[in-house]
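This report concerns only the one structure given below.
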Amino acid sequence: TSISAADLETLELLGQGNGGKVYKVRHKQTSSTYALKLVSNHSDHTVRCNLSREIEILRCTDSSHIVRCEAFFEQPLGDIKILMEFMDSGSLETLLKDNGTFSEAKLAHVARQVLSGLNYLHTHNIAHRDIKPANILVNSNMEVKIADFGISKIMSLTSEGACSSPVGTFAYMSPERFNKENCGGTYSGYASDIWSFGLTIMELYVGRYPLLPPGQSPDWPSLMLAICFGEPPSLPEGASQEFKSFIEACLQKEVGKRWTAGQLLKHPFLSDVGF
Ligand code: ADP
Numbered sequence: 331t332s333i334s335a336a337d338l339e340t341l342e343l344l345g346q347g348n349g350g351k352v353y354k355v356r357h358k359q360t361s362s363t364y365a366l367k368l369v370s371n372h373s374d375h376t377v378r379c380n381l382s383r384e385i386e387i388l389r390c391t392d393s394s395h396i397v398r399c400e401a402f403f404e405q406p407l408g409d410i411k412i413l414m415e416f417m418d419s420g421s422l423e424t425l426l427k428d429n430g431t432f433s434e435a436k437l438a439h440v441a442r443q444v445l446s447g448l449n450y451l452h453t454h455n456i457a458h459r460d461i462k463p464a465n466i467l468v469n470s471n472m473e474v475k476i477a478d479f480g481i482s483k484i485m486s487l488t489s490e491g492a493c494s495s496p497v498g499t500f501a502y503m504s505p506e507r508f509n510k511e512n513c514g515g516t517y518s519g520y521a522s523d524i525w526s527f528g529l530t531i532m533e534l535y536v537g538r539y540p541l542l543p544p545g546q547s548p549d550w551p552s553l554m555l556a557i558c559f560g561e562p563p564s565l566p567e568g569a570s571q572e573f574k575s576f577i578e579a580c581l582q583k584e585v586g587k588r589w590t591a592g593q594l595l596k597h598p599f600l601s602d603v604g605f
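My numbering puts the first residue of the sequence shown at 331, with every later residue one more than the last.
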């Protein structure tokens, strides 16, 4: 079925990011709801490059753990609209704010789905590079999906790619990537995604960004000290051994010791849950 832009009725603004505004829309004929991301034509080369990369990735991914794209519309003035499936429960960031921290059982369910999405991306040579609570969306069927490929990278392209890739959110950056962005060097996009994923899962359990003490503002020097020189954070006393070991496997500062998405999917923390 092909949907045309004229068949869509705007309902409300869902969110606004660096890339553009995201609206909830309704398809007039079928009454189905979707999310529509609007990106204005931009003269900036980097912004245009990011958008074409995001579209390229969304076009070629087909996984039940990655937000599905239904259509792309190019407008006369060069604006672009991306029609996506509507994730009606919002992001992990808003769920944490609204409902409080997640139980281990819930987190095992979330982690399994995000890791399936990451495993899909990594085996297709794509590094997401901006994994954080705000970029993981949930729907009322309890499905968890990875979104926002604005700064993702297709690793099989030459290391520089067609355009220089911009920097994502510092707070969730792995130590090796933080060093690369700030001091030069190399890092693995895949292992970096796993660090960000581990930090994300931990944040949902403890209820705050885990690398800084409560109340500390996430300014650049504090983040730099915590990410590059701090010990990786560990879970509080009450957490199960399996969960502690799972988080430890994600938050290894040494890339060689960090588990891959495929390995983590077989971790005991994910195997004995009643979902
Ligand atoms: P940006 O790349 O500019 O940060 P995002 O793609 O992350 O933009 O979208 C911004 C916000 O819009 C998200 O945090 C989320 O709240 C909302 N959003 C994005 N895509 C969807 C979707 N498919 N379903 C529901 N809400 C969405």
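We treat Cβ as the ideally placed atom computed from N, Cα and C, and that holds for glycine.
Note that the coordinates shown come from a computational prediction; the quantities given were computed from them, not determined experimentally.
Around the Cβ of residue 490, are there at least 16 other Cβ atoms within 10 angstroms (buried) or fewer (exposed)?
Looking up residue 490 in the sequence shown gives position 160. Confidence is the limiting factor: at residue 490 the pLDDT is only 41, short of 50, which leaves the residue's position unreliable and the question unanswerable from this model.
Taking Cβ to Cβ, would you say residue 548 is nearer than 8 Å to residue 555?
Numbered from its first residue, the sequence shown carries residue 548 at position 218. Numbered from its first residue, the sequence shown carries residue 555 at position 225. No.
Give me, in chain order, the residues of the same chain whose beta-carbon lies closer than 6 Å to that of residue 586; leave out the 5 immediate sequence neighbours on both sides.
Against the sequence shown, residue 586 aligns to sequence position 256. Excluding positions up to five away in sequence, the list is empty.
Verify the contact flag: residue 498, CB atom, against every heavy atom of the ligand ADP, threshold strictly below 7 Å.
On the sequence shown, position 168 is the one that residue 498 refers to. No, Cβ of residue 498 sits at least 7 Å from all heavy atoms of the ligand ADP.
Using a Cβ-Cβ cutoff of less than 7 Å, which residues in the same chain neighbour residue 492 once the five nearest sequence positions on both sides are dropped?
Position 162 of the sequence shown, counted from the first residue, corresponds to residue 492. Only weak support is given to the placement of residue 492: the predicted model assigns it a pLDDT of 44, under 50, and the value that follows is read from those uncertain coordinates. So the qualifying residues of the chain are 379.
Could you give the DSSP three-state label for residue 571: helix, strand or coil?
Sequence index remark: in the sequence shown, residue 571 carries index 241 (1-based). Note: residue 571 maps to helix in three-state DSSP.
Can you tell me where the beta strand (DSSP E) holding residue 474 begins and where it ends?
Mapped onto the sequence shown, residue 474 falls at position 144. Taken as a continuous stretch (DSSP letters only), the beta strand (DSSP E) holding residue 474 covers 474 to 476.
Counting C-beta neighbours from all protein chains within 10 Å, is the total for residue 646 16 or more, i.e. buried, or is it exposed?
The structure shown has nothing for residue 646, since the chain only spans 331 to 605.
If we ignore side chains and look at the alpha-carbon of each, how far apart do residue 388 and residue 599 end up?
Start at 1 with the first residue of the sequence shown, and residue 388 comes out as number 58. Start at 1 with the first residue of the sequence shown, and residue 599 comes out as number 269. About 30 Å.
Does residue 452 pass the burial test, meaning 16 or more other C-beta atoms within 10 Å, or should it be called exposed?
By 1-based counting over the sequence shown, the position of residue 452 is 122. Buried.
Over what stretch of residues does the alpha helix (DSSP H) that includes residue 585 continue unbroken?
If you number the sequence shown from 1, residue 585 lands on position 255. No alpha helix (DSSP H) holds residue 585; DSSP gives it neither H nor E.
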